[in-house]
Amino acid sequence: MPHDTPLMPAGAAGSSGADADADAPRLEPIVVLTEREIRSVVALDLQALAAIEDAFTRLADGQADVPPIVGLFVPRRRGEVDVKAAYIHGLPSLAVKIASGFFDNSLWGLPSGSGLMVVLSTRTGFPQAILLDNGYLTDVRTALAGAAAAKYLAPERVRTVGVIGAGTQGRYQARALRLVRRFERVLVYDHSPAAVDAYVSELPGLLKADDARLTSTAGGDGSREDIVVGPADPETLVRESDVVITCTPSHQPIVRAEWLHPGLHITAIGADIPEKQELQGEVLGRANRLACDLKTQCFARGEFYHAMTTGAIGADVPVAELGELTSRRTHGRERADEITVCALTGVGVQDTAIALLAFGRAAAARLGTRFPVGGDSAS
Ligand SMILES: NC(=O)c1ccc[n+]([C@@H]2O[C@H](COP(=O)([O-])OP(=O)(O)OC[C@H]3O[C@@H](n4cnc5c(N)ncnc54)[C@H](O)[C@@H]3O)[C@@H](O)[C@H]2O)c1
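This note's numbering puts the first residue of the sequence shown at 42, with every later residue one more than the last.
This is the structure we're talking about:
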């Protein structure tokens, strides 16, 4: 695939691009990008969504190597650290990401998620960039995977969206969903009433700011109405929503099978390790169509793992991978009354895709501090 696809914007290849194999490599300074710089070039937009979809398509095409996740746990602080990476064949760079989720951080007014990414040349292995994003790129790439799932699986007509988990992903997922579906109402549930209050007061402003940004770019249609955001208990939320997004670190199922209704789509993103679960196993058992980001990961962690180990679904149940949907090798929703469920555990190709988007856009905007390879001071 040529490099002017969404995965390789101008500027990212540098002088060590794969096409330059005949020339001796020249070592470029390492670029260090701050969270502020990264935020100034990467946002929830249609080009970023296309980059994430492209990454999943290449994975489904067998054009990406994804190693197993390295997972570290700090139970005393409800902490997890994941290392994820992927080499997408033919691209001049790959990314390795360290991401953490420490779920007691709210006690100190800190977000749960943080981390950083390193971009390496796939020609020399030398580092090209360090992205000090503090988890921002993980938040964006996770939300865009949710948007991709909804693009292929959610009903065309979405009036109400239910968000379970009023934290960081609860915000990003609702915002990213607007790239693929219009909706009028958001219902939110969280076991923390303070988190619900903050969400209800903040989300309308975030959605308005997104509208303003998207209308000023090619991505938006600029005609969206005000969206009503309100609290709900989990049962009411599921019963009244067309799309439900679950994004908590819960270790107990929250969504029960008896609340499902024809036409519902659920994207579950919170359960990314074996211990976590947000959907009762029977939720997957009752669905007409199942999907996930990567079967090898999802069958060993999260919703599929629990549904399979309790026998709610069989190990041979048909499950589409997101890349089969983005490549249109498999179709998504076929009928308005289907119940669809997609579980996402987060795949290294998303990290390489979003890191290269950030690196490329930052290079084009001449952002970052450059450190000479082998040197110890900024150039
Ligand atoms: N699949 C992926 O690729 C991916 C990527 C990023 C984060 N995650 C996971 O998504 C989850 C949410 O991440 P976040 O960054 O939004 O965290 P966050 O701490 O910002 O938000 C989590 C929210 O869930 C609420 N909550 C916790 N347990 C609950 C329960 N049992 N019932 C109801 N509400 C509950 C908390 O009060 C909080 O408001 C985490 O499990 C995280 O590890 C997954």
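Think of the CB as a built atom: it goes at the ideal place given N, C-alpha and C, for glycine as much as any other residue. Quantities reported herein were computed from a predicted structural model and do not represent experimental measurements.
Check, Outcome
"Within 8 Å, strictly: CB atoms of L320 and A309", "yes"
"Complete alpha helix (DSSP H) runs within the region 106–194 (minimum length 4 residues, chain order)", "177–194"
"Unbroken beta strand (DSSP E) run spanning I295, endpoints", "Looking at the DSSP string, I295 is not in any beta strand (DSSP E), and its letter there is neither H nor E."
"Other residues of its chain near F340: CB distance less than 7 Å, five sequence neighbours each side excluded", "Y346, M349"
"Beta-ladder partner(s) of F412, from DSSP", "I71"
"Span separating the alpha-carbon of R77 from that of D174", "8 Å"
"Complete runs of the beta strand (DSSP E) confined to the region 325–377 [at least 3 residues]", "330–333"
"Of the listed residues P245, K317, P196, S257, nearest to R374 (C-alpha basis)", "P196"
"Enclosing beta strand (DSSP E) for A309 [first to last residue]", "306–309"
"Candidates K138, T183, R198, N146, of which the one nearest D378 by Cα", "R198"
"Boundaries of the beta strand (DSSP E) in which A384 is found, first to last residue", "381–384"
"N-terminal and C-terminal residue of the alpha helix (DSSP H) that H390 is part of", "The sequence given here has Val at residue 390, not His. Start and end: 389–405."
"Cβ-heavy atom distance, I380 to ligand 1, below 7 Å", "no"
"Integer-rounded CB distance, given that V284 should sit under 8 Å from A191", "6 Å"
"Assigned secondary structure, L220 (DSSP; H/G/I helix, E/B strand, else coil)", "coil"
"Cβ-based neighbour list, S56, same chain, cut-off 7 Å, excluding 5 preceding and 5 following", "The pLDDT assigned to S56 is 40, lower than 50, so where the model puts this residue is not dependable; a value taken from the coordinates is nonetheless given after this. Excluding residues within five positions, the ones whose Cβ falls inside 7 Å are R67, E69."
"Identity of the residue in A396, G326, G355, E365 nearest I380 by Cα", "G326"
"Residues near V111 in its chain [Cβ-Cβ closer than 6 Å; skip 5 each side]", "V124"
"Boundaries of the alpha helix (DSSP H) in which T277 is found, first to last residue", "275–281"
"Under the three-state DSSP convention, the category G206 falls into", "coil"
"Nearest-angstrom Cβ-Cβ length linking T183 and Y213, presumed shorter than 8 Å", "7 Å"
"C-alpha distance - Q104 paired with S134, whole-angstrom precision", "14 Å"
"8 Å Cβ shell around V227 - same chain, five flanking residues per side excluded", "T201, V202, G203, V204, A215, L244, I268, V269, V270, G271"
"Given 8 Å, three or more beta-carbon pairs between the region 356–366 and the region 93–107", "yes"
"Residues near A101 in its chain [Cβ-Cβ closer than 7 Å; skip 5 each side]", "E362, G364, E365, S368, R370"
"C-beta contact flag for Q391 and C288 at 8 Å", "no"
"Beta carbon of F143 nearer than 8 Å to that of R118", "yes"
"Backbone CA spacing between G52 and R254 [nearest angstrom]", "Reliability of the predicted coordinates at G52 is poor, the pLDDT of 48 falling under 50, and the value obtained from them is presented with this limitation in mind. Cα to Cα, the separation comes out at about 23 Å."
"Identity of the residue in V388, G355, D252 nearest I314 by Cα", "V388"
"L385: CB within 7 Å of a non-hydrogen atom of ligand 1", "yes"
"Rounded C-alpha distance that separates L408 from G311", "33 Å"
"V160 and A396 closer than 8 Å at C-beta", "yes"
"Short Cβ contact (8 Å threshold) for G246 with L218", "no"
"Supposed close pair L48, A92 - CB separation, criterion 8 Å", "5 Å"
"Boundaries of the alpha helix (DSSP H) in which V241 is found, first to last residue", "234–256"
"Extent of the continuous alpha helix (DSSP H) run through V82", "76–82"
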